[in-house]
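Student: Read top to bottom, the protein sequences are chains A and B.
Residue numbers -13 to 323, in our numbering, belong to the letters of the first sequence in order.
Residue numbers -13 to 323, in our numbering, belong to the letters of the second sequence in order.
There are 2 protein chains.
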Amino acid sequence: MNQIADQRVVLSSRPKGVPRAEHFSIEECIIEGPKSGQVLIKNEYWSIDPAMRGWANDAPNYLPPVELGAPMRSFAVGRVVESHHGDYQAGDIVTGMFNWQTYTVCDASVIDRKVDDGDLPNSLALGVLGLNGVTAYFGLLDICDPQEGETVVVSTAAGSVGSVVGQIAKIKGCRTVGITSSNEKAQMCVEQFGYDAVIRYTHDNVADKIRQYCPNGVDCYFDNTCGPISDAVMTHLAMGARITICGTASLTDWDPLPIGPRNHRQLLVARARLQGFLVLDHRERYHEAFAQLATWVREGSLTYREHILDGIDKAPAAIQMLYDGTNTGKLLVRVPD
Amino acid sequence: MNQIADQRVVLSSRPKGVPRAEHFSIEECIIEGPKSGQVLIKNEYWSIDPAMRGWANDAPNYLPPVELGAPMRSFAVGRVVESHHGDYQAGDIVTGMFNWQTYTVCDASVIDRKVDDGDLPNSLALGVLGLNGVTAYFGLLDICDPQEGETVVVSTAAGSVGSVVGQIAKIKGCRTVGITSSNEKAQMCVEQFGYDAVIRYTHDNVADKIRQYCPNGVDCYFDNTCGPISDAVMTHLAMGARITICGTASLTDWDPLPIGPRNHRQLLVARARLQGFLVLDHRERYHEAFAQLATWVREGSLTYREHILDGIDKAPAAIQMLYDGTNTGKLLVRVPD
């Protein structure tokens, strides 16, 4: 195919903070077919991730901001339609940064992974067997380094990363305490994800509950919020606590930085470690995590939940759902054929 | 000796924040001589350290607060006068938590170290060859883990810990940038302690100067302040930066915690590590540090400055000098015979 009729969702204006529906528009366009070294991919699912807020904003980040008028940057899973690269052939299922496009033409180097778990749904390659899963895996095991019998606290405990963190911590013999919003999610945390205790930050005094549920202090804290919830957890750290900063969902803006209590004294007294974590740094070891996560899924010791929005017209309003807390599982947009 | 006429400086009222002269009083008293397993020590110098603020305040800390009416807790160096313990004999020079007393009777276990650097002044056992030295040694080498060619930033750069940190970083082949207050201290930083660049937080825009002096970002930051100076350093972290929280001099009160910019986003973007450090955790390895530091002092690659107050009546107002920045070297009180 030399020219392909494509649909894309582009960033049409620059958000300050959370990107919302009005910052995007849907366009029809014609794209050039793949050249030597390139592949043509028909996307099946787009992944909706908190990181997209950072990509859409014009602020220092680990990737340059998405340009206005360009398709929104997004992880996706799709099927190779046409390949001009020896490593791939038509029919392969692949994941990578394919953006909010129905069809993507890209260099083969853009592909992160050829999905070979044919017995499992392709969509899992964006969730529990994708970056969410490896984020939980390395962010918990490498940065927090939980030991058997320790207490692990997880914010956004029912989320696509947090739910995996909690379950891996249980597999490793830890006691787990999840922090989430609604009663529905709290129930999910206990019944599906096996948390030993759950705190609803919308109803509970988080600091009081942390003291109640973590009588020996918090050994590990996997944080996706970095706001008042974290402040509450910080009041009850165990000696030598390790904290992974995986996301900053509570900081709705960071220019200027929001203010909060200075936590240095708490870190000093507990000789605790607060460390920023980006899963992309661990690329070399993804294969190790994918293999282990798939094994746990097949064994039934690792479960997941998906929240699938049907159709590309649902994409513009999808990112804000993560911040409004209205999704009830790994958020995906299904891209129709 | 069964009874000894002693002088002591006691904590007479509870400070909120920095302990000042009015919180102490000087008392004469009679103490019982040493029993079996105990030693009698005539103190030569009391050490004045920022940690004393924490000990005097009634707030969570790594040691219980000093009781009202008790002699102020303090590190000291002294000479054994009488020993009822096999490890020590009259004439030994020893360091430990001997408190603000002229004579101290204590269990031998209270002694931290028998000083065997007879060729060097005894007072150094409270500074560059004491806890200040080992704090710099482990806080820099173990927590920051500086690599040759990296940029190391030190707050309270001319202080008794900071000056040693800066010099060890130079010995390890790093570029060093010190942050201090006065012109006099800035000059000391460059001329005596070998810093490559100095920032005076009282005159300079610290963030601007950090960008100027650390063009590739801050790889290591040894922090004794945890306030606005740290905020400025945090704006320009290098990828994978390591930060040692050694002291919190800028937080004059921590109940409630003062507020400041939330630094999580900066830590996340740089995948940086912020870690609380207490030298007492490294006791088992002090001997390694003392030996290396003494070697560097004898070689002349590690220099020091002392600021000695003469007489115990100078003790009550001594701690506040650390926070007012009026000392010009390791602050000590000489205890007359």
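Using N, Cα and C, we set each Cβ at its ideal position, and we do this for glycine too.
Treat the numbers as computed from the prediction; the structure is a model and nothing was measured.
Considering Cα atoms alone, identify which of 196(B), 242(B), -10(B) and 287(B) is closest to residue 159(B).
Tutor: Nearest C-alpha to residue 159(B): 287(B).
Student: Would you check if the distance between the CB atom of residue 308(A) and the CB atom of residue 36(A) is smaller than 8 Å?
Tutor: Going by C-beta atoms, residue 308(A) is nearer than 8 Å to residue 36(A).
Student: Using 8 Å as the cut-off, can you tell me whether the stretch -10 to -2 of chain B makes contact with the stretch 8 to 17 of chain B, which would need three or more C-beta pairs spanning the two stretches below that distance?
Tutor: Flag = yes, the stretch -10 to -2 of chain B and the stretch 8 to 17 of chain B touch.
Student: Closest by CA to residue 264(A), which one among 208(A), 142(A) and 317(A)?
Tutor: Considering only alpha carbons, the answer is 208(A).
Student: Distance cutoff 8 Å, beta carbons only. Does residue 117(A) sit that close to anything in chain B?
Tutor: It does not: the Cβ of residue 117(A) has no partner Cβ on chain B nearer than 8 Å.
Student: Consider the Cβ of residue 135(A): report whether some Cβ of chain B lies at a distance smaller than 8 Å.
Tutor: Chain B contact via Cβ: absent.
Student: Give the DSSP bridge partners of residue 222(A), in chain order.
Tutor: Answer is none; residue 222(A) lacks a bridge partner.
Student: Which of helix, strand or coil does DSSP assign to residue 301(B)?
Tutor: Coil at residue 301(B), not helix or strand.
Student: If you drop the 5 nearest sequence neighbours on each side, which residues of the same chain put their C-beta closer than 8 Å to that of residue 168(A)?
Tutor: Here the set comprises 186, 188 and 311.
Student: Do you know whose CA, among 191(A), 64(A), 141(A) and 89(A), lies nearest residue 163(A)'s CA?
Tutor: The option with the nearest alpha carbon to residue 163(A) is 141(A).
Student: Alpha carbon to alpha carbon, what distance is there between residue 239(B) and residue 108(A)?
Tutor: Cα-Cα distance, rounded: 54 Å.
Student: Rank 246(A), 196(A), 111(A) and 5(A) by C-alpha distance to the C-alpha of residue 214(A) and give the top, closest one.
Tutor: Cα-wise, what sits closest to residue 214(A) is 246(A).
Student: Is the beta carbon of residue 125(B) sitting closer than 8 Å to the one on residue 255(A)?
Tutor: No, the pair does not count as a contact, with Cβ atoms beyond the cut-off.
Student: Which one of 120(A), 85(A) and 271(A) has the shortest CA to CA distance from residue 63(A)?
Tutor: Checking every option, the nearest Cα to that of residue 63(A) belongs to 85(A).
Student: If residue 283(B) sits next to residue 115(B), beta carbons under 8 Å apart, how far is it from one beta carbon to the other, in whole angstroms?
Tutor: With a Cβ gap of about 7 Å, residue 283(B) and residue 115(B) count as contacting.
Student: Counting only Cβ pairs nearer than 7 Å, list the residues of chain A close to residue 256(B).
Tutor: Residues of chain A passing the Cβ test: 262.
Student: State the DSSP-derived secondary structure class of residue 322(A), mapped to helix, strand or coil.
Tutor: Residue 322(A) falls in the coil class under three-state DSSP.
Student: Can you tell me the Cα-Cα spacing of residue 101(B) and residue 30(B), whole angstroms?
Tutor: Cα to Cα, residue 101(B) sits roughly 13 Å from residue 30(B).
Student: Could you tell me which whole beta strand (DSSP E) segments of length 3 or greater appear in the stretch 155 to 226 of chain B?
Tutor: Complete beta strand (DSSP E) runs here, min 3: 161 to 166, 183 to 186 and 204 to 209.
Student: Name the chain A residues whose beta carbon is nearer than 7 Å to that of residue 246(B)?
Tutor: Those are 245 and 248, listed as they occur along chain A.
Student: In this structure, what does DSSP give as the bridge partners for residue 316(A)?
Tutor: Answer is 292(A).
Student: So that I know if they touch, is there some Cβ in chain A lying closer than 8 Å to that of residue 16(B)?
Tutor: Taking Cβ atoms only, chain A never reaches closer than 8 Å to residue 16(B), which makes this a no.
Student: If I'm right that residue 58(A) touches residue 52(A) with Cβ under 8 Å, what's the distance once you round it to whole angstroms?
Tutor: Confirmed, Cβ separation roughly 6 Å.
Student: If residue 118(A) sits next to residue 316(A), beta carbons under 8 Å apart, how far is it from one beta carbon to the other, in whole angstroms?
Tutor: Contact flag correct, Cβ pair sits at about 6 Å.
Student: Under 8 Å between beta-carbons, which chain B residues line up against residue 47(A)? List them in chain order, please.
Tutor: Result: 255.
Student: Quick one: which chain A residues come within Cβ less than 8 Å of residue 237(B)?
Tutor: Within chain A, the residues near residue 237(B) are 248, 250 and 251.
Student: Assuming contact is defined by CB atoms lying nearer than 8 Å, are residue 205(A) and residue 224(A) in contact in what I supplied?
Tutor: Closer than 8 Å, so yes.
Student: Out of 56(B), 25(B) and 89(B), which has the shortest C-alpha to C-alpha gap to residue 72(B)?
Tutor: The residue with the shortest Cα to Cα distance from residue 72(B) is 25(B).
Student: Taking only three categories from DSSP, how would you classify residue 86(A)?
Tutor: Reduced to three states, the DSSP call for residue 86(A) is coil.
Student: Using only the alpha-carbon positions, how far apart do residue 19(A) and residue 56(A) sit?
Tutor: Roughly 18 Å between the two C-alpha positions.
Student: When you compare each of 184(B), 173(B), 134(B) and 210(B) to residue 148(B) by their alpha carbons, which one comes out closest?
Tutor: Closest by alpha carbon: 210(B).
Student: Does DSSP put residue 241(B) in a helix, a strand or coil?
Tutor: Coil.
Student: According to the neighbour-count rule (16 or more other Cβ atoms, all chains shown, within 10 Å of its Cβ), is residue 217(A) buried or exposed?
Tutor: It is buried - the Cβ of residue 217(A) has at least 16 other Cβ atoms within 10 Å.
Student: Checking the sheet assignment: what are the DSSP bridge partners for residue 265(B)?
Tutor: Answer is none; residue 265(B) lacks a bridge partner.
Student: Within the same chain, show all residues whose beta-carbon is closer than 8 Å to that of residue 9(B), passing over the 5 residues directly before and after it, in chain order.
Tutor: For residue 9(B), where only same-chain residues beyond five positions count, the Cβ hits under 8 Å are -3, -2, -1, 0, 1, 42 and 302.
Student: Around the C-beta of residue 273(B), are 16 or more other C-beta atoms found within 10 angstroms, so that it is buried, or is it exposed?
Tutor: Under this definition residue 273(B) is an exposed residue.
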